[in-house]
Amino acid sequence: MTLGVVISYVINKKVSAVDAANRWALEKESARGRLLRESMESGKLVEVVLAGGRSVVGLVATSPISDFEGDVALAPQLGGYRDPETHKLVVTTAYDSQGDDFRVVSVLEEVASVGHFDPRAQDVVWESP
Numbered sequence: 000m001t002l003g004v005v006i007s008y009v010i011n012k013k014v015s016a017v018d019a020a021n022r023w024a025l026e027k028e029s030a031r032g033r034l035l036r037e038s039m040e041s042g043k044l045v046e047v048v049l050a051g052g053r054s055v056v057g058l059v060a061t062s063p064i065s066d067f068e069g070d071v072a073l074a075p076q077l078g079g080y081r082d083p084e085t086h087k088l089v090v091t092t093a094y095d096s097q098g099d100d101f102r103v104v105s106v107l108e109e110v111a112s113v114g115h116f117d118p119r120a121q122d123v124v125w126e127s128p
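Numbering that gives the first Met the number 0 puts the first residue of the sequence shown at 0, with every later residue one more than the last.
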């Protein structure tokens with residue numbers, strides 16, 4: 000009994016919370032969770048489209064030990080909407096003037112899709128704000 004307690008203590012000291020979360024993620028995370036985690040790790044922009052068509056583009060701003068399966072937090076860079084007929088992203092807002100601590104949280108139930116964002120993609124329409 001004592002040996003089991005000592006061994007678990009030693010093993011738990013060697014595995015950091017981030018490593019433990021990554022091990023969990025490899026086995027159980029959803030495709031959305033994987034995309035958010037990988038985007039956060041690489042610093043790439045993601046687009047979150049909400050059920051009403053509104054769209055937010057930004058950097059994933061979630062704790063590195065989160066499981067990325069809940070609400071989506073972004074440090075927004077751009078905002079706009081998906082055109083209902085063409086499904087093109089129409090960019091109408093740039094969040095340049097916001098501070099570094101500015102965040103947008105999209106409630107999981109309102110998120111229609113999450114995807115990588117490429118500003119050169121043919122389905123992006125840039126409008127002047």
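Ideal placement from N, C-alpha and C gives every residue a C-beta, glycine not left out.
Since we're looking at a predicted model, the values are computed, not measured.
Check	Outcome
Helix, strand or coil for A30? Go by DSSP, reduced to three states.	helix
Using the rule of at least 16 other Cβ atoms within 10 Å of the residue's Cβ for burial, across every protein chain shown, is F67 buried or exposed?	buried
With a cut-off of 8 Å on the beta carbons, I'd call A72 and R33 a contact; round off their distance for me.	That belief does not hold up - the Cβ atoms of A72 and R33 are roughly 17 Å apart, past 8 Å.
Reducing DSSP to helix, strand and coil, say where S41 ends up.	helix
Once the 5 residues before and after T92 are set aside, which same chain residues still bring their CB inside 8 Å of it?	L77, G78, G79 and P128
Take P75 as the anchor and find which of A111, A50 and V90 has the nearest alpha-carbon.	V90
Going by the beta-carbon positions, is the gap between K87 and V123 smaller than 8 Å?	yes
Note down the Cα distance separating A120 from E26, rounded to an integer number of angstroms.	32 Å
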